[in-house]
Amino acid sequence: MKTLVYVLFLAALVSNIVYTAQSIGEYKDVTHYQYAITWAPTYCKYLIEDHCVPNLPDRFFMHGIWAGDASGRTVDNCRVEPPIPIGVLKKFEARLSKSWPPIIQGMTAFRLWGHEYRKHGVCLKDWTATNYLNFADRVSLNNNITKLLETNGIKISSTVKYSRGAIEKAIQTKIGAGFSMYLGCQQVGTLYYLKSAAICIKKIDDTKILNVYEFVSCPQRIDPNYNNCGGGKTEEENIFLL
Ligand SMILES: *[C@@H]1O[C@H](CO)[C@@H](O)[C@H](O)[C@H]1NC(C)=O
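Throughout the sequence shown, residue numbering follows mature numbering (1 follows the signal peptide of the UniProt record, and there is no 0), covering -23 to -1, 1 to 219 in sequence.
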């Protein structure tokens, strides 16, 4: 994350030079959005250079809403936007501090929201920062995946392991039976520790104000960071939720 902060700093100074070094996504490639969340206990335990905010509750935290293409990769940096005006950020401060707080020490909420909007949010075509932040707040509040796992019997434990299928089933009770999602794990030997998840959504209605959306099945994607839990052995009970 220090690197990220540094890149953001550089980007502010010489935005054009840094920008051209990034991949530039195109709106036409966007097929869905990904609601990306981080399981704080495992994510924080395995951070290398940075530290998490102390005493975080054991739950998922929203990472962001990302645009994705037909192969499941994110589509980023579709246009260059100036920083979100401070007045806009302040309007969201009270709401988003609950639904979307930063979990890395030293990362301010405004910087997190601004970074996610300028990298990912700009690929939600024609959406302003206000549209994006409203949508993020709505999706986070209405989709408490921590609670969903709990109510479906997937609980934090240092002794009980779960199969990828069991975790998926719990989440599918909300998004739809058989729908694919991304589950990211920290692998330790033959064990996997759940670290992140993403579920895929699609806007049904293009009016930005109503924010009407539905869940869709995520495109198939093998990714060492975002979709590696269980290493493909879906029915083996080898995932810990710590
Ligand atoms: C979601 O549910 C969990 C468990 O019931 C709760 O601790 C948490 O505060 C809720 N809200 C968010 C944003 O995760």
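Heads up, the beta-carbon is just placed ideally off N, CA and C, and yes, glycines get one too.
Query	Result
Status (buried if at least 16 other CB within 10 Å, exposed otherwise) for V99	buried
Opening and closing residue of the beta strand (DSSP E) in which E191 lies	190 to 193
Supposed close pair I216, S140 - CB separation, criterion 8 Å	7 Å
Per DSSP, the bridge partner or partners of M39	I14
R72 versus R95 - alpha carbon distance	20 Å
Proximal residues to L160 (C-beta, below 6 Å), its chain only, five neighbours per side dropped	A174, C206
DSSP three-state assignment for V165, whether helix, strand or coil	strand
Neighbour-count burial assignment, V7, 16 or more Cβ in a 10 Å radius	buried
Endpoints, the beta strand (DSSP E) within which F217 is located	214 to 217
Q11 classed as buried or exposed, judged by whether at least 16 other C-beta atoms fall within 10 angstroms	buried
For H92, the first and last residue of its enclosing alpha helix (DSSP H)	86 to 96
Contact test: E127 Cβ vs ligand 1 heavy atom, cutoff 7 Å	yes
7 Å CB neighbourhood of P79 in its chain, flanking five on each side removed	T85, A86, L89
Residue burial classification, V116 (beta-carbon count within 10 angstroms, cutoff 16)	buried
Delimiting residues of the alpha helix (DSSP H) encompassing residue 231	Lying outside -23 to 219, the shown extent of the chain, residue 231 is not represented and no answer is given.
Y(-5), DSSP secondary structure in three states	In this predicted model, Y(-5) has a pLDDT of only 46, less than 50, meaning its place in the structure is not dependable; the value taken from the coordinates is given anyway. Three-state result, Y(-5): helix.
Between the CA atoms of C177 and D47 - distance to the nearest angstrom	Reading off the sequence shown, one finds Ala at residue 47, where the question assumed Asp. Taking the straight line from one Cα to the other gives about 12 Å.
Proximity test, P18 beta-carbon vs ligand 3 heavy atom, cut-off 7 Å	Although ligand 3 was asked about, the structure shown includes only ligand 1 as ligands.
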